[in-house]
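Read the structure below first, then the notes.
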Amino acid sequence: MNNKLLNVTNLDVHFGPTQVIHNVDYHVNEGEILILMGPNGAGKTVLLKSTFGLFEKSTGTVEFDGKVIHPHPSSMVEAGMSFVGQGKRVFPSLTIEENLRMGAYLWSDKKMIQARTEELIQFFPVLKKKFKQIAYYMSGGEQQILALARGLMMNPKLLLLDEPSIGLAPKIVQSVFEKIAEINKTFGTSIVVVEHNLKSLLNIAHRGYILAEGKMLMEGPVEKLADSKNLEKVFFGEIA
Amino acid sequence: MDFILQVLIIIGIHSILTMSLNYVAGFTGLMSINHAAFYGMGAYATAILSTQYDWNFFLTIPVGIVIAGIVAWLVSFPMLKMKEDSFVLVSLGFAIIMFNIMQNWTDLTKGPLGIKGVQAPMLGDFSFFAKPLFLVLVIVAAALTYWFLNRILKTPYGTILKGARENETVARVNGHNVVSYQRSAFVVGAIFAAIAGAFIASFISFVNPKAFELIISVYLLIMIILGGMASLPGSILGAFIMLTSLEVLRFAGVSAEWQQILYGFILIVIMFFRPQGILGKYKI
Amino acid sequence: MQILLNGIIVGGIYALIALGFNLIFSSTRFFHVLYGVLALLGAYFTYTFMEYGWNFFAAIPVAALLASLLGVASWQFLYKPLVDRKASSLVLMVTSFGALIVVQNLIALIWKNNTKSISITDTIKPAYEFLGLNITFNQLVILAVSIVLMVLLELFLKKTKYGLAIRAIGDNAELTTVLGLHTNRITLLVFFIGTFLSAVSASLIALEIGARPTHGLHYFFLKAVIASIIGGIGSMRGALIGGLLLGVVENIGIYYLGGSWQEVVAFSLLTLFLLFKPQGLVNQMQLAK
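Chains as they are written, first to last, in the working numbering: chain A, 1230 to 1469; chain B, -10 to 273; chain C, 2 to 290.
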């Protein structure tokens, strides 16, 4: 589990004149669940998004699966990465089946898509029940599950998740995180999660980074980071 | 010489129009494409009252103002509910409805035939018919418009107006009823357009709907976008550039269609390279 | 009842124009004002081909194809460069207006300002009677083609991969980028289809109203927008319902108030909807604050 599946070095991101990410390095080991945490405005989402190529004004090197790739969504998807963002996560007027199909848009083999869809609705039974319904009528938690499933359609090696718990009730959050752990175990997918809701996540993640003000502050196994003293320092501003 | 005076008078009248439109579009941020409708209301008020009821020119102006003001106030209710782009659409709709009314309410407006014989302004026995005198009148009106709008924009009221243009949410959160500010700006704009209308009716001594159709509103918008959004001097500059170039083109025998093609093209170029216009302070 | 039938037939055209408009609006989120003039251009191309002896039914597809290429070009060379520079939807709309002025006047220069008329056959065919209602040959053609196009569009959107992508972009454009789609290709396709539909519709309705330079803005664009807003902007179903409703209400209005008030009737309907139900009948996007 020590092969670097993803290695990001010297990442700088600018929003207009302001620099929001300062020379960040991070990596993801094969098969692990990695958390990116930090206070509000630390730049965790920006970091994740720029890794995937969603910001043009970013510089740095992204090496994925041994190859250097210029970050751009379609290149990343082709290389085996998948991104599930926060907020509007689904296509509301499309059915569950169509939502999933969109997740495998770059595939042309209909049989392959169908087989994968079958596999995923077995894995996420809640999708099976409402298969032909349009996503608009699903609850927040169900939509998040749908987004996860969609993200897995092309069997990505690496899944990037941006605040999967946002807007969900605590009980649902628990089940979502359990599903995330299950994904990692069953499919072997490496996962990077940006999260605020640390308590539940700390049980399933392996390693993490703490970010603040666009800079990487700390890195280490989850137990070390979860030590309340460290977190306090980060969130209440002692570590500079 | 006579010709130059004529052009200056037209520029002067249009300056009142462009300054008032800029007040609404550039300073307040409401992209109104119906300004010519209020222009027409003022013109028709003067035309009808002076030809059919022998009213004095100067007395017709308040009537035009009141009519335009009331209509603007009423129409602003549905209009201000719309987001930016949709506002333009409703504005377009209103412009077309007003034009249709001018065309079809023939009992009042004589429709496409128009109203002839509008008199020059008179004060007692003194007539402003002569071009130099009329020009003085127009310059006074334009100067007053500039002075008035400029003063308003320098007050706290004006600041709120401009602030609301940049960020409505912030303005609202600060306790300002943004919509009523916008409404008042819209009404003020309409009032000055009506004043300009009174002058044009008297100067050309003939009004008909074609002078107030949609493309006129678009021309006014092009003038302020060119001269500079949110700039009163820019409004005058825009009117000057477009109207003089219009005369030059006409003199050179360029057809109306090619004139319009040029203006459409200018609009596109401005959007690509300098959306705030020459002297402008606000980019859409 | 006759009014209803007439209203539905012309409403079908309005629906097609609105469908094309909505397709484009859903994907790009700005008011492509030039749309109406490009549709009109399609009608003029049809007219010109017929002047050269082409058959009506042969002229329309070629004319619509030409217009569609221009539509695609407008995205690629006029709008996209601005979008890439993060221009606001208002800037795009104003630019579209500029282009509209240019194209409308080019039409006036090439084809002159008088109304051009098109007819399918040289002789005037008698109207048919069906269940006590009159329907002219032109109306029959319009109705038939409208229905065929709507069915084809529905099949395309529901059953093909590109149709799925188009619907997806309309729902959540950002998400489609994340999924690796080449969104520009799909936008080009949308402009093609939208313009094609509008150009065919314009040619069809030209059988009834002819072609005039001012039709681009004052007829086609306005009908598209009004129908879309009534039905619910961004919605295909909405465009259909809005178009039909507009057609019917307009015909009722013309019957009682006369033809010159047609625009006022249409706009009053628009204003009513904007005041009381701005999201339209099918509830998708919000145009009001």
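Just so you know, even glycine gets a beta-carbon here, dropped at the ideal spot from N, CA and C. Only a predicted model underlies this, so the values are computations on that prediction, with no experimental measurement involved.
Interface with chain C (9 Å Cβ-Cβ cutoff): L210/B is included. One finds L1283, P1302 in chain A with Cβ atoms closer than 8 Å to the Cβ of T178/C, taken in chain order. For R168/C, the chain A residues whose Cβ falls inside 9 Å of its Cβ are F1320, S1322, L1323, E1327, in order along the chain. In this structure Y15/C does not touch S199/C by the C-beta definition: roughly 11 Å separates them, more than the 8 Å allowed. Closer than 9 Å at the C-beta level to chain A, one finds these residues of the region 209 to 236 of chain C: S236. If you draw a straight line from the Cα of T1415/A to the Cα of K1386/A, it comes to about 12 Å. Taking C-alpha positions only, T35/B is separated from F192/B by approximately 11 Å.
Apart from the 5 residues on each side of it in sequence, V167/B sits with its Cβ closer than 7 Å to the Cβ of A153, E157, A160, R161 in its chain, given in chain order. Comparing C-alpha distances from A84/B to each of V127/B, R140/B, A200/B, I104/B shows the shortest one belongs to A200/B.
A straight-line Cα-Cα distance of about 16 Å links A57/B and L97/B. Its Cα nearest to that of V179/C, the residue G1282/A stands out among A1308/A, F1406/A, G1267/A, G1282/A.
Put simply, of M260/B, R263/B, G253/B, I(-2)/B the residue whose alpha carbon is nearest the alpha carbon of V125/B is I(-2)/B. Of the residues G13/C, V104/C, L24/C, D85/C, the one whose Cα lies closest to the Cα of G43/C is V104/C. Cβ atoms of M20/B and F76/B come within 8 Å of each other, at about 6 Å. Counting only unbroken stretches of 4 or more residues, the alpha helix (DSSP H) elements lying wholly within the region 35 to 118 of chain B are 46 to 68, 73 to 93, 95 to 98, in sequence order. Chain-ordered, the chain B residues with CB closer than 8 Å to the CB of T96/C read L256, I257, M260, F261.
In chain order, A131, T134, Y135, L138, F181, L221, S224, I225 place their CB closer than 8 Å to the CB of M8/B, counting only its own chain and leaving out the 5 sequence neighbours on each side. Residue pairing of I1264/A in beta bridges, as defined by DSSP: V1422/A, G1437/A. It is roughly 11 Å from the alpha-carbon of Y146/B to the alpha-carbon of S169/B. When CB distances to chain B are screened at a threshold of 8 Å, the residues of the region 267 to 284 of chain C falling below it are F268, S269, L271, T272, L275, L276, P279, in chain order. With respect to P67/B, V55/B sits apart: the two C-beta atoms are not nearer than 9 Å. Chain C places a beta carbon closer than 9 Å to that of V1306/A, counting this residue as a contact. In the three-state reduction of the DSSP assignment, L(-6)/B falls in the helix class, which pools H, G and I. Only residues of its own chain outside the window of five on either side were considered, and among them G195, L198, S199 have a CB closer than 6 Å to the CB of G21/C, listed in chain order. One alpha carbon belongs to S27/C, the other to G171/C, and they sit about 4 Å apart. Between V84/C and R1379/A, the alpha-carbon positions lie close to 28 Å from each other. Taking 8 Å as the upper bound for CB-CB distance, A74/C and T47/C are not in contact here, some 19 Å apart. Residues of the region 243 to 255 of chain B with a Cβ closer than 7 Å to any Cβ of chain C, in chain order: E246, Q249, I250, Y252, G253, F254. Using a Cβ-Cβ cut-off of 9 Å, N106/C counts as an interface residue toward chain B, since at least one Cβ of chain B sits closer than that to its own. Residue environment analysis places K1278/A among the buried positions, since at least 16 neighbouring C-beta atoms fall within 10 angstroms of its C-beta.
With fewer than three CB-CB distances shorter than 8 Å, the region 1409 to 1425 of chain A does not count as touching the region 1236 to 1245 of chain A. In this structure, DSSP gives F1284/A a state outside helix and strand, which the three-state scheme calls coil.
Chain C places a beta carbon closer than 9 Å to that of G82/B, counting this residue as a contact. Along the region 5 to 20 of chain B, going in chain order, the ones with a CB nearer than 9 Å to a CB of chain C are M20.
In this structure the region 42 to 56 of chain B does not touch the region 98 to 106 of chain B; the number of beta carbon pairs closer than 8 Å is below three. The three-state secondary structure of V34/C, taken from DSSP, is coil.
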